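Asker: For the sequence shown, this note's numbering gives the first residue as 1008, with consecutive numbering after it. Where a beta carbon is used, it is the ideal one built from N, C-alpha and C, also for glycine. These figures come from a predicted structure and were not determined experimentally. Can you read through this structure? Questions will come right after.
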Amino acid sequence: MLKQKIKVVISDLDGTLLNSDHSISDYTKSVFQELHHQKYLIIVATGRHHIDAMSIVENLGFPIYLVTSNGARIHSPKKELLYSFNIKSEAIKSVLSLDIDPEITTVLFKEEVWQTSKINKKINSFQKDLKYPPVVVDFNDLEDFSAIKLFFTHDNHEKLVELKNKILEDHSEEFSHAFSLPICLEFMDKSVDKSVAIAKILEIEGYSFQETVFFGDGFNDERMLDAAGIGLIMGNAPENLKCKLPHLNIISTNNEDGVAKYLSRKLELTSKV
């Protein structure tokens, strides 16, 4: 039975734990509070920056482990920084020297702010409270390019695919990449991945991947979906992610409280619909 097997519950945020309004529903909150009460280890693993993500997970009402920027930061339930890794300045500078289409929004995620080539209302809408503010910069004027994550967004997915291929021609040894959404292309240091960060937490807490259930909807979740004891793909995930992982089950969408309903049913929680 799943109830005996699973000790660790891990979830992505956008498109997974969050609905399309970028918030956690009251029902999902009640299910996760019951999980906490029953002593499950709970981890949120997201591509978001830690300042942004912390303000969201605080709404759960209890402390959790938080993996952010696709694994470049780990914070403990006490909000202590346990792990930190930045992309080197020279590596990013080399990428930004390429001929990047000016229609594409370029972003450097720094520790306190995110530096962007222009204001992008669609990306800003992901933050209900701008606790992690954007600053428009001319990247030609920067001296320090070091960042947690390098990020590009455009409504045309194919434009981002072309940019990804151009960057990886000469930088495949330095960067890992992921499409967290079809319109969002992210580059991290090669050593960074959600699954690597979660392995560090499991070691601290004395659990194995076989004792985990993981929920995700993006290509930045792919390795963790495969590594988990049970990996579950959201119904709203891109079809090509579902096709790439045909051995995994697909659950209801984020707008249908897919994560919470699955956990409530399979772990026999009292918070049921």
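List the whole-angstrom C-beta distance separating L1255 from L1270, where the pair is believed to meet the contact cut-off of C-beta under 8 Å.
Answerer: Contact doesn't hold; Cβ gap of about 16 Å is too wide.
Asker: Along the chain, which unbroken stretches of the alpha helix (DSSP H) at least 4 residues long are found entirely within the stretch 1149-1197?
Answerer: Fully enclosed alpha helix (DSSP H) runs of 4 or longer: 1164-1178.
Asker: Give me, in chain order, the residues of the same chain whose beta-carbon lies closer than 7 Å to that of T1075; leave out the 5 immediate sequence neighbours on both sides.
Answerer: Taken in chain order, the residues that qualify are T1053, R1055, H1056, H1057, A1060.
Asker: Could you check how far apart the C-beta atoms of D1196 and F1186 are, in whole angstroms? I think they sit under 8 Å.
Answerer: With 8 Å as the limit, D1196 and F1186 do not qualify as a contact, their Cβ atoms being about 17 Å apart.
Asker: Just to confirm before moving on: does the CB-CB distance between K1086 and L1067 stay below 8 Å?
Answerer: Contact flag unset, no.
Asker: Pick out whichever of S1179, E1165, K1046 has its Cα sitting closest to the Cα of E1110.
Answerer: The shortest C-alpha separation from E1110 is found at E1165.
Asker: Measuring straight from C-alpha to C-alpha, what distance separates S1096 and A1154?
Answerer: Rounded to the nearest angstrom, the two C-alpha atoms are 7 Å apart.
Asker: Start and end of the beta strand (DSSP E) containing S1091?
Answerer: Note, S1091: beta strand (DSSP E), 1088-1091.
Asker: Would G1213 be called buried (16 or more neighbouring beta carbons within 10 Å of its own) or exposed?
Answerer: So G1213 counts as exposed.
Asker: Return helix, strand or coil for I1071, following the three-state DSSP convention.
Answerer: The answer is coil: DSSP assigns I1071 none of H, G, I, E or B.
Asker: Tell me the rounded alpha-carbon separation between D1200 and R1230.
Answerer: The straight-line gap from Cα to Cα measures roughly 8 Å.
Asker: Taking all protein chains shown into account, decide if T1277 is buried (16 or more other Cβ within 10 angstroms of its Cβ) or exposed.
Answerer: That one is exposed.
Asker: So, under 8 Å CB-CB, T1219 and C1191 are touching, yes? Tell me the CB distance rounded to an integer number of Å.
Answerer: About 25 Å; that fails the 8 Å criterion.
Asker: Please confirm whether M1241 and N1227 have their CB atoms less than 8 Å apart.
Answerer: Result no, Cβ atoms of M1241 and N1227 do not sit closer than 8 Å.
Asker: In angstroms, rounded to a whole number, what distance separates the CA positions of E1193 and H1184?
Answerer: Whole-angstrom Cα-Cα distance: 5 Å.
Asker: Let me check one thing: in DSSP terms, what residues is R1080 bridge-paired to?
Answerer: Bridge partners of R1080: T1075, S1091.
Asker: With distance defined between alpha-carbon atoms, name the residue in K1156, R1080, T1023 nearest to T1113.
Answerer: If we check each option's Cα against that of T1113, K1156 comes out closest.
Asker: Apply the 10 Å Cβ neighbour rule to N1172 and answer buried if 16 or more other Cβ atoms are within range, or exposed otherwise.
Answerer: With fewer than 16 Cβ atoms within 10 Å of its Cβ, N1172 is classed as exposed.
Asker: If I follow the unbroken alpha helix (DSSP H) through L1042, where does it start and stop?
Answerer: Segment 1033-1044, the alpha helix (DSSP H) holding L1042.
Asker: Tell me where the alpha helix (DSSP H) around S1124 begins and ends.
Answerer: Per DSSP, S1124 belongs to no alpha helix (DSSP H) and is neither H nor E.
Asker: Which whole-angstrom value is the C-beta distance of I1107 and L1170, which I expect to be below 8 Å?
Answerer: Confirmed, Cβ separation roughly 7 Å.
Asker: Pull up the DSSP beta-bridge partners for P1141, would you.
Answerer: Paired residue(s): W1121.
Asker: Ordered along the chain, which non-local residues of its own chain (more than five positions away) have a Cβ less than 7 Å from that of K1100?
Answerer: So the list reads F1152, once near-sequence residues are dropped.
Asker: By Cβ distance below 6 Å, which residues in the same chain neighbour E1118 in space, the five residues on each side in sequence not counted?
Answerer: Result list for E1118: empty, nothing under 6 Å.
Asker: Under 8 Å, do V1051 and L1024 count as touching if we go by C-beta distance?
Answerer: A contact, by the Cβ cut-off of 8 Å.
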